[in-house]
Amino acid sequence: MILKVKRASICGTDLHIYRWDEWISQSMGIPRIIGHEVAGEIVELGKNVKGYKRGDIVSVETHFVCHTCAACRKGFFKVCYNMKILGIDLDGAFAEYVKVPAFNLWKNEIDLPEEVLSIKEPFGNAVDTVLTEDVSGKSVLITGAGPLGMMAILLAKHSGAYPVFVSEVKDYRINKAKELGADYVINPLKEDLYEIIMEKTKGEGVDALLEMSGNEKALEEGLKCTAPNGRVSLLGLFEGKVNVDLNNLIILKNLRVYGITGREMFSTWYKIDKLLESGLELKKVITHSFKMEEINKAMELMEKGECGKISLIPF
Ligand code: NAD
Numbered sequence: 298m299i300l301k302v303k304r305a306s307i308c309g310t311d312l313h314i315y316r317w318d319e320w321i322s323q324s325m326g327i328p329r330i331i332g333h334e335v336a337g338e339i340v341e342l343g344k345n346v347k348g349y350k351r352g353d354i355v356s357v358e359t360h361f362v363c364h365t366c367a368a369c370r371k372g373f374f375k376v377c378y379n380m381k382i383l384g385i386d387l388d389g390a391f392a393e394y395v396k397v398p399a400f401n402l403w404k405n406e407i408d409l410p411e412e413v414l415s416i417k418e419p420f421g422n423a424v425d426t427v428l429t430e431d432v433s434g435k436s437v438l439i440t441g442a443g444p445l446g447m448m449a450i451l452l453a454k455h456s457g458a459y460p461v462f463v464s465e466v467k468d469y470r471i472n473k474a475k476e477l478g479a480d481y482v483i484n485p486l487k488e489d490l491y492e493i494i495m496e497k498t499k500g501e502g503v504d505a506l507l508e509m510s511g512n513e514k515a516l517e518e519g520l521k522c523t524a525p526n527g528r529v530s531l532l533g534l535f536e537g538k539v540n541v542d543l544n545n546l547i548i549l550k551n552l553r554v555y556g557i558t559g560r561e562m563f564s565t566w567y568k569i570d571k572l573l574e575s576g577l578e579l580k581k582v583i584t585h586s587f588k589m590e591e592i593n594k595a596m597e598l599m600e601k602g603e604c605g606k607i608s609l610i611p612f
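Read in order, the letters of the sequence shown are residues 298 to 612 in our numbering.
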């Protein structure tokens with residue numbers, strides 16, 4: 298299917314590509330058109346494709362799967378052995394047009410602004426992280442209030458978590474976390490995160506740790522703050538190997554630890570629409586919009602951490 302790009306948004310992975318750091322330069326080839334968070338209008342349909350027409354506005358599940366490996370055959374598409382990722386393994390969406398398989402389209406039937414449609418994909422990561430287990434009436438700690446942590450704050454509050462603690466080190470994001478409704482926002486470089494959480498939870502710790510920073514220190518502190526028998530969902534990707542006291546921080550506390558990658562295909566997409574329809578104001582995490590040719594400005598803001606999600610308007 299060929300889509301005319303309506304909006305694309307910038308993911309942290311795009312920043313890695315922009316910097317061309319060691320991790321990304323070893324995992325992708327160039328030249329490549331980057332960008333994978335996208336909403337577009339169908340302008341050309343593949344042969345035999347049913348259920349869509351020209352003019353439909355769609356979002357895109359950016360993990361293209363093989364349908365034949367053992368993971369796919371068991372229904373675990375998000376860990377397909379032969380996964381190809383839009384904008385990394387195949388030309389992506391920071392362009393006028395983008396080509397995607399019909400299987401990966403998500404038809405948008407609820408009325409939402411185009412910039413929100415392109416961030417359904419990363420929101421799916423936040424949904425799978427926050428809702429790995431029920432959070433209603435539970436205390437949570439979100440480590441890292443980048444765009445994904447911001448989405449997690451909105452979702453945790455929307456889903457009845459209380460209190461929602463957030464740890465973040467950048468001023469812009471500390472302020473944004475407060476604005477999005479976090480109950481306590483703590484800068485661990487200036488305050489004692491563990492002391493504050495223990496005081497507010499009457500010495501128990503939080504029921505769930507949602508690790509969304511990819512920072513080793515944040516993970517260690519988060520695990521310390523998690524109550525025995527608590528739940529940990531790990532979304533953040535770390536720069537390298539992580540040194541954590543597994544015995545004392547996980548095993549002897551009887552924690553349940555989940556690794557989170559991508560989104561469930563497509564049960565999470567159904568949840569996303571219901572959450573947005575029920576009033577979750579995802580637009581609040583979009584702090585800037587730029588024309589695509591201004592991408593350098595956008596990357597500078599991301600580098601400084603002075604933004605939430607940045608939306609790009611095509612040429
Ligand atoms: P981001 O880098 O914009 O946000 C991370 C935030 O963590 C930043 O605001 C940073 O200031 C904060 N932080 C750093 N050190 C901290 C500390 N010690 N304590 C508290 N906060 C700290 O990233 P994002 O786009 O919001 O994504 C969140 C994470 O999820 C990243 O690590 C990203 O690579 C990862 N990710 C994973 C998947 C997946 O499928 N598993 C998909 C997308 C993104």
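Each residue gets a CB set at the ideal place from its N, CA and C atoms; glycine is no exception. It should be emphasised that the depicted structure is a prediction, and the values quoted were computed from it without experimental measurement.
| query | result |
| --- | --- |
| Short Cβ contact (8 Å threshold) for K581 with P444 | no |
| Neighbour-count burial assignment, P419, 16 or more Cβ in a 10 Å radius | buried |
| Exposed unless 16 or more other CB atoms sit within 10 angstroms - verdict on D311 | buried |
| Collapsed DSSP secondary structure at I307 in the structure displayed | coil |
| Any non-hydrogen atom of the ligand NAD closer than 7 Å to L445 Cβ | yes |
| Nonlocal neighbours in the same chain, by C-beta distance under 7 Å from N405, ignoring five residues either side | I354, V355, S356 and L414 |
| Own chain partners of C604 with C-beta closer than 6 Å, once the 5 adjacent residues on each side are dropped | T584, H585 and L598 |
| T429 CB to nearest heavy atom of the ligand NAD below 7 Å | no |
| Assigned exposure category for E518 - 16 Cβ within 10 Å defines buried | buried |
| Residue range of the alpha helix (DSSP H) that includes K417 | K417 to V427 |
| Proximity test, K514 beta-carbon vs the ligand NAD heavy atom, cut-off 7 Å | yes |
| Sequence-distant residues of the same chain with beta carbon closer than 7 Å to K594, five excluded per side | F587 |
| Complete alpha helix (DSSP H) runs within the stretch 484-518 (minimum length 4 residues, chain order) | 490-497 |
| N379: CB within 7 Å of a non-hydrogen atom of the ligand NAD | no |
| Inter-residue Cα distance where the pair is H333 and A390 | 6 Å |
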